[in-house]
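Colleague:
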Amino acid sequence: MGQSVDHQLVTRLRESQFFSLQLDESIDLGNEANLLCFVRYIYAGGLHDEFLFCHSLPTNTTGEAIFHSLNDFIVKNNLDWSRCVGICTDGATAMTGKQKGLVVRIRAVAPPASATHCCIHREQLAVKKMPQCLKSVLDESVKIANKIKAKPLNSRLFKAVCEEMGSEHTKLLFHTEVRWLSRGKVLTRLFELRDEVMLFLHHSDELYLADIFSTLNTLNVALQGKTVTIFNVQDKIKATCLKMELWCGRLDRRELSFPTLADFLLAAGEDVDGSTVAPTLTARNIFPRIRCKL
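Taking the working numbering, the leading residue of the sequence shown gets 1006, the next gets one more, and so forth.
#1: Indicate whether L1026 and I1092 have their beta-carbon atoms separated by less than 8 angstroms.
#2: How do the stretch 1062-1076 and the stretch 1106-1120 stand: do at least 3 beta-carbon pairs fall below 8 angstroms, yes or no?
#3: Using DSSP bridges, identify the partner residues of H1060.
#4: D1029 and D1095 - do their beta-carbons sit closer together than 8 angstroms?
#5: Are V1044 and L1018 closer than 8 angstroms when you measure CB to CB?
#6: Can you tell which of L1178, S1087, A1120 has the C-alpha that lies nearest to the C-alpha of K1148?
#7: State the Cα-Cα distance for the pair S1146 and E1168, rounded to the nearest angstrom.
#8: Tell me whether C1123 sits in a helix, a strand or coil according to DSSP, three-state version.
#9: Helix, strand or coil, according to DSSP, for D1054 in the structure here?
#10: Just to confirm my understanding: we take A1070, look at its own chain, exclude 5 residues before and 5 after, and list those with CB closer than 7 angstroms. What are they?
#11: Identify every run of the alpha helix (DSSP H) within the stretch 1075-1155, keeping only runs that are complete inside it and at least 4 residues long; order them along the chain.
#12: Is DSSP giving F1072 helix, strand or coil here?
#13: What is the DSSP secondary structure of S1172, reduced to helix, strand or coil?
#14: Which residues in the same chain as T1245 place their Cβ atom closer than 6 angstroms to its Cβ, once the five residues preceding and following it in sequence are excluded?
#15: Could you have a look at F1023 and say whether DSSP puts it in helix, strand or coil?
#16: So for D1240, helix, strand or coil by DSSP?
#17: Between the alpha carbons of I1032 and N1039, how many angstroms are there, rounded?
#18: As a quick exercise: from G1189, L1195, P1117, D1011, pick the residue whose alpha carbon is nearest that of I1153.
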């Protein structure tokens, strides 16, 4: 059945006038490098997105090795490089290097192909550039969650405490760097179970950060999907940058746009430092060409 699906996809690609490729090199749980390739093509008058292949890579994942893996698949299946009109990758040197990167090698056999840097990767780079006061909160929060989750005994004891207290959730979540939605979910769950983990919230940074990452999770999901185009991506990122401007203005007037933080401040009778939110506008360092004006 799997071979039939693969054969059908290759047949469609041969018949398609144009196609574009998205590639990503990823490390699995066995510490092995793999090349993931997705394809977008025209069929029956519409655009289709499909998973093309996953190939193991040698230890040295250079642009040459990645290209050979991709080219072997193209040649083996009698696909036409001249029909490749687009390449999307992350910003790794092996992918975008000016001399020996994958993009340069593909353009040598497919001159019409235009290259783009994956917008979701760029958005994640922007998210990493947070103020030190917030980064320390994230690091400590992840450390707390992982300490409880790391040992089965701790997890069982924590679950028993949550059940005894009648909590909605009975476990914390692991933070995984390669999972884009991880930060927001880990922080939100940690705050929801703050009493259970006996974390004394002396500052409001955690709540603010949880709200920020929840908003960025919404953006991450919106940037994905078969019907999403580069124009949709730019509009959504621009809208998020505009929201950041609006948040800063409201925070200066003590008007909060962050529900988790607002609930905590109301219950604790505390205030928030508006200067904390300003550095989040570093997203523009990753998307400098997007003009955002209120």
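All C-beta atoms, glycine included, are put in the ideal place defined by N, C-alpha and C.
Every value quoted in this text rests on a predicted model; they were computed, and no experiment measured them.
Modeller: Considering the structure as presented:
#1: By the CB criterion at 8 angstroms, L1026 and I1092 fall inside the cutoff.
#2: A contact exists between the stretch 1062-1076 and the stretch 1106-1120.
#3: Paired residue(s): L1040.
#4: Yes, Cβ-Cβ distance for D1095 and D1029 is below 8 angstroms.
#5: Against a cut-off of 8 angstroms, the Cβ pair of L1018 and V1044 comes out as a contact.
#6: Between K1148 and the set L1178, S1087, A1120, the nearest pair of CA atoms involves L1178.
#7: Between S1146 and E1168, the alpha-carbon positions lie close to 22 angstroms from each other.
#8: C1123: coil per DSSP, three-state reduction.
#9: D1054: strand per DSSP, three-state reduction.
#10: Answer for A1070: L1062, P1063, listed in chain order.
#11: Secondary structure in the stretch 1075-1155: the alpha helix (DSSP H) runs of 4 residues or longer, each lying completely within the stretch, are 1098-1101, 1107-1114, 1124-1133, 1137-1155 in chain order.
#12: Here F1072 sits in helix by DSSP.
#13: Under the three-state reduction of DSSP, S1172 is assigned to coil, being neither helix nor strand.
#14: Contacts found: L1224.
#15: In this structure, DSSP gives F1023 a state outside helix and strand, which the three-state scheme calls coil.
#16: Residue state for D1240 is assigned as helix, using DSSP reduced to three classes.
#17: The C-alpha of N1039 is placed about 6 angstroms away from the C-alpha of I1032.
#18: For the residues G1189, L1195, P1117, D1011, the minimum Cα distance to I1153 belongs to L1195.
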